[in-house]
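> Just so you know, the sequences run in chain order F and E.
If you're matching positions, the first sequence starts at 0 in numbering that gives the first Met the number 0 and goes up one per residue.
If you're matching positions, the second sequence starts at 0 in numbering that gives the first Met the number 0 and goes up one per residue.
Protein chains: 2
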Amino acid sequence: MPRLDAAARLEQLSAAFSALAHPTRRQILLVIRFRGGAMTAGDIAGRFHYKWPTVSRHLRVLETTGLLVRERSGRQHIYRLSLHSLALIKEWIRWLEVPKKG
Amino acid sequence: MPRLDAAARLEQLSAAFSALAHPTRRQILLVIRFRGGAMTAGDIAGRFHYKWPTVSRHLRVLETTGLLVRERSGRQHIYRLSLHSLALIKEWIRWLEVPKKG
DNA sequence: ACATTACTTAGCCATCTTGCTAAATAAAGC
DNA sequence: GCTTTATTTAGCAAGATGGCTAAGTAATGT
């Protein structure tokens, strides 16, 4: 996890909020979470009523925002949670909430 | 603040994430925050390089998601922060983060 | 009453998003 | 090497989003 400059952090914050704005993507993260933090693309796709390419694209969005990490194992692709960018969201929320001078 | 059933809470969570996905809307909230939590539409619009109707629409989005509350005072519209729905986001994030059985 | 101020609402247009199906890739099995 | 399995990538179409300008509304000032 490379150290990010301010602009990159803003980018990542925006990407994280956008990624989480879609119910299916939030659900994907929860599904992986409650299956231990890692799942294959096929297992994930199997839990949704969308066609596989649709889920695949959601996975790609989550991967490019850094919320998932992909790892290859033979012909399967294993997606693993990577929740660092959630810290950015929490930090942003704290900025909103702190009492004025905090 | 009315008690919400599960479906309504999901709706609100989704709306909150979507609202916060746009940088300008996040900036609007921060601007209001650092001006004490309430501002008129005009003062808010004046801080952005977008045309007034564009900002007005962002304000409406934030209002309908419950992140802002509008109050009228003469011919001005005062927008005030209302951060209850942030609690939903924080709660959702905790669901992702808790260690398995938490 | 009429003009001005402080906004919102309506409607257009370009771009982005998200579903789909069809085609490509890449590893494993025969 | 050819097929099957696991998955992505490409490309299309419908709908959502976010800029804009123009028009509407509602309170205040003259």
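For each residue, glycine too, the CB sits at the ideal point set by N, CA and C.
The model shown is predicted, which means the values in this text are computed figures rather than measured ones.
Since SER84 (chain F) and ALA15 (chain F) should fall inside the 8 Å C-beta cutoff, what is the C-beta to C-beta distance between them, to a whole number of angstroms?
That belief holds up - the Cβ atoms of SER84 (chain F) and ALA15 (chain F) are roughly 4 Å apart, short of 8 Å.
> Which one or two residues does DSSP pair with HIS9 (chain E) in a beta bridge?
For the sequence presented, residue 9 (chain E) should be read as Leu rather than His. DSSP, once it has assigned bridges, lists no residue as partnering LEU9 (chain E).
> Taking 7 Å as the limit between beta carbons, can you name the residues of its chain near LEU19 (chain E), skipping five residues before and five after?
So the list reads ARG25, once near-sequence residues are dropped.
> Pull out every residue of the region 84 to 96 of chain F whose Cβ sits closer than 8 Å to any Cβ of chain E, in chain order.
Within the region 84 to 96 of chain F, the residues whose Cβ lies closer than 8 Å to some Cβ of chain E are LEU85, ILE88, LYS89, TRP91, ILE92, TRP94, LEU95 and GLU96, listed in chain order.
> Tell me whether LEU87 (chain F) is buried or exposed, calling it buried when 16 or more other Cβ atoms sit within 10 Å of its Cβ.
That one is buried.
> In terms of residues, what are the limits of the alpha helix (DSSP H) holding LEU82 (chain F)?
No alpha helix (DSSP H) contains LEU82 (chain F), which DSSP labels as neither H nor E.
> For ARG46 (chain F), which residues of its own chain have a beta-carbon under 7 Å away from its beta-carbon, when the five flanking residues on both sides are left out?
Excluding sequence neighbours, ARG46 (chain F) sits near VAL30.
> Could you tell me which whole alpha helix (DSSP H) segments of length 4 or greater appear in the region 9 to 51 of chain E?
With a minimum length of 4 residues, the continuous alpha helix (DSSP H) runs that stay inside the region 9 to 51 of chain E are 22 to 32 and 40 to 45.
> Ignore the nearest five residues each way along the sequence and tell me which others in ALA44 (chain F)'s own chain have a CB closer than 6 Å to its CB.
Closer than 6 Å at the Cβ level, and outside the excluded window around ALA44 (chain F), lie TRP51 and VAL54.
> State the Cα-Cα distance for the pair VAL97 (chain E) and THR64 (chain F), rounded to the nearest angstrom.
Distance between the alpha carbons of VAL97 (chain E) and THR64 (chain F): 21 Å.
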